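Numbering-wise, our numbering comes out as the position in the sequence shown, counting from 1, plus 237.
For each residue, glycine too, the CB sits at the ideal point set by N, CA and C.
All of these numbers come straight from a predicted model, not from anything done at the bench.
What follows is a set of notes on a single structure, which appears directly below.
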Amino acid sequence: MSTPSLASLPIRRLTLRDQAACADLSEDRGWPREEHKWGFLLTAGKGYGIDAPDGGLASACVVTEYGPQNPTLAALGMVLVAGRHARQGVGRRLMQHVVSAMGTTPLTLHATPNGRPLYEELGFKATGRAEMVRGRFTPVGPEPRVATRAATAEDLTAILRLDEQVFGTDRTHIVTRLPAFADQLRVAEEGGQIIGYAAAWPNMDTHVVGPLIARDTSVAQALLASLAAHTDRPLRTDIDVRHEELLAWVKERGLESVAFNSVMTYGITELPGDWTRRFAPVTVAAG
């Protein structure tokens with residue numbers, strides 16, 4: 238029997254049952270398995286994949302939609318092609334399918350330097366940059382003076398309201414999953430008002446900080462420092478490069494630059510919301 242060509246293999250929706258196959262695909266490309274993150278994305282978003290004729294997945298990606306009824310924005314992430322099927326147009330075909338399936342919904346993604354040419358070919362434009370930093374956080378100098386504490390269930394309404402203002406669209410289905418997904422969820426408070434919040438979630442041997450939403454840099458610093466104080470793992474986060482002050486501050490405290498990714502959009506010229514209060518995404522795979 239001849240093997241079906243990759244171009245004719247069907248594209249299907251992935252479910253939580255595909256979590257291990259997705260992690261296998263990550264590992265195949267030299268990425269960490271990230272099963273915890275895959276589980277989060279496959280339940281909060283929509284996975285798409287192509288089954289390989291020889292078993293496992295040939296390609297996969299996840300789309301996370303935002304907005305109460307009709308999505309007003311969708312983030313693409315975890316776009317992967319198995320090494321043995323690379324450079325055969327599989328990733329392009331999957332991305333074309335997803336972009337087409339999303340219709341008129343504006344799209345965004347974080348692109349690695351390797352992935353960027355494909356996205357540009359599909360019509361995405363680079364509209365920003367994020368710097369990934371990683372390392373053991375060591376407090377230096379005076380502690381931030383902003384009050385922070387662990388979030389409680391009673392804070393959820395205020396967190397959702399702040400998040401929608403800053404992100405520019407409704408992320409209820411993501412934010413409400415954070416208490417179960419993250420090891421820490423903390424808020425910054427002033428005069429009884431929540432002025433920022435942040436989560437730290439486990440990813441292999443690190444804690445990833447995201448989202449990081451804060452009124453200003455000093456609030457972002459206080460949240461980061463409080464998350465660091467409650468973990469013995471290295472931290473990793475992706476900070477919008479326009480937040481130069483925060484990037485300099487974390488580098489003084491032991492985090493080092495790992496990579497730069499392009500923030501790209503399709504169908505909009507810039508992301509909605511208030512970038513000045515949006516310091517880091519939940520994950521680069523979901524915005």
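Could you check if Thr385 is buried or exposed, using at least 16 other CB atoms within 10 Å of its CB as the buried criterion? Classification of Thr385: buried, given that the 10 Å Cβ count is 16 or more.
TODO: Can you tell me which of the three DSSP states Ser245 falls into?
DONE: Of the three classes helix, strand and coil, the one that applies to Ser245 here is helix, per DSSP.
Report yes if the C-beta distance between Leu487 and His347 is below 8 Å; otherwise report no.
The residue asked about is misnamed: residue 487 is Val in this sequence, not Leu. Against a cut-off of 8 Å, the Cβ pair of His347 and Val487 comes out as no contact.
Let me check understanding here. Comparing Cα to Cα, which of Ala395, Arg324 and Val500 lies closest to Pro350?
Pro350 has its Cα closest to that of Val500, out of Ala395, Arg324 and Val500.
For Thr342, which residues from the same chain have a beta carbon less than 6 Å from its beta carbon, with the 5 sequence-adjacent residues on both sides left out? Hits under 6 Å: Pro308 and Ala311.
### Message
Rounding to the nearest angstrom, what Cα-Cα distance links Ser239 and Gly292 in this structure?
### Response
With a pLDDT of 40 at Ser239, under the threshold of 50, the predicted position of this residue should be treated as unreliable, and no value is reported.
- Query: Considering only residues of the same chain and omitting the five flanking positions on each side of Pro381, which have a CB-CB separation below 7 Å?
  - Reply: Result list for Pro381: Ser455, Gln458, Ala459 and Ala462, in chain order.
Problem set entry | Classification of Ala244 by the beta-carbon crowding that lies within 10 angstroms, buried from 16 upward | With fewer than 16 Cβ atoms within 10 Å of its Cβ, Ala244 is classed as exposed.
Within the region 309-382, ranges of the alpha helix (DSSP H) (whole runs, at least 4 residues):
You should have 327-338 and 353-358.
Legend entry - Ile476 (DSSP reduced to helix, strand or coil): For Ile476, the three-state secondary structure derived from DSSP is strand.
>> Could you tell me the alpha carbon to alpha carbon distance between Gly286 and Ile505, rounded to whole angstroms?
In response: Roughly 26 Å between the two C-alpha positions.
TODO: Whole angstroms is fine: what's the gap from Asp265's alpha carbon to Gly320's?
DONE: Taking the straight line from one Cα to the other gives about 7 Å.
Can you check which of these residues, Gly360, Thr409 and Pro518, is closest to Gly530 by C-alpha distance? Past the edges of the chain, shown from 238 to 524, lies residue 530, and the structure says nothing about it.
Once DSSP output is grouped into helix, strand and coil, what is the label at Asp288?
Here Asp288 sits in strand by DSSP.
Requested in this report: Give the DSSP-derived three-state secondary structure of Leu251 in the structure shown.
Outcome: In this structure, Leu251 counts as strand in the three-state DSSP scheme.
Environment of Gly360 [buried if 16+ CB atoms lie within 10 Å]
Around the beta carbon of Gly360, fewer than 16 other beta carbons lie within 10 angstroms, which makes this residue exposed.
Helix, strand or coil for His467? Go by DSSP, reduced to three states. Reduced to three states, the DSSP call for His467 is coil.
Exercise. Can you tell me the Cα-Cα spacing of Ala367 and Pro518, whole angstroms?
Worked result: Between Ala367 and Pro518, the C-alpha separation is close to 10 Å.
Output the distance between the C-alpha atoms of Val327 and Pro290, rounded to the nearest integer angstrom. Each residue's alpha carbon lies about 13 Å from the other.
_Close Cβ partners of Val335 (< 8 Å) along its chain, the five nearest in sequence each way excluded_ = For Val335, same chain residues with a beta-carbon under 8 Å away, outside a window of 5 residues either side, are Tyr285, Cys298, Val300 and Leu313 in chain order.
Query - N- and C-terminal bounds of the beta strand (DSSP E) containing Gln421 - result: Annotation for Gln421: the continuous beta strand (DSSP E) segment containing it runs Gln421 to Glu427.
### Task
Out of Glu482, Arg514 and Leu484, point me to the one whose CA is closest to Asp400's CA.
Residue Arg514 holds the alpha-carbon nearest to the alpha-carbon of Asp400 among Glu482, Arg514 and Leu484.
Point to revise | Buried versus exposed call for Gln430 [16 or more other C-beta atoms within 10 Å across all chains shown] | key: By the neighbour-count criterion, in which a residue is buried when 16 or more other Cβ atoms sit within 10 angstroms of its Cβ, Gln430 is exposed.
- Message: Taking 7 Å as the limit between beta carbons, can you name the residues of its chain near Pro496, skipping five residues before and five after?
- Response: A small fix is needed here, since residue 496 is Ala in this sequence, not Pro. Closer than 7 Å at the Cβ level, and outside the excluded window around Ala496, lie Met369.
**Prompt:** Which of the three DSSP states, helix, strand or coil, is assigned to Val519?
**Reply:** In the structure shown, Val519 sits in coil (DSSP, three-state: anything other than H, G, I, E or B).
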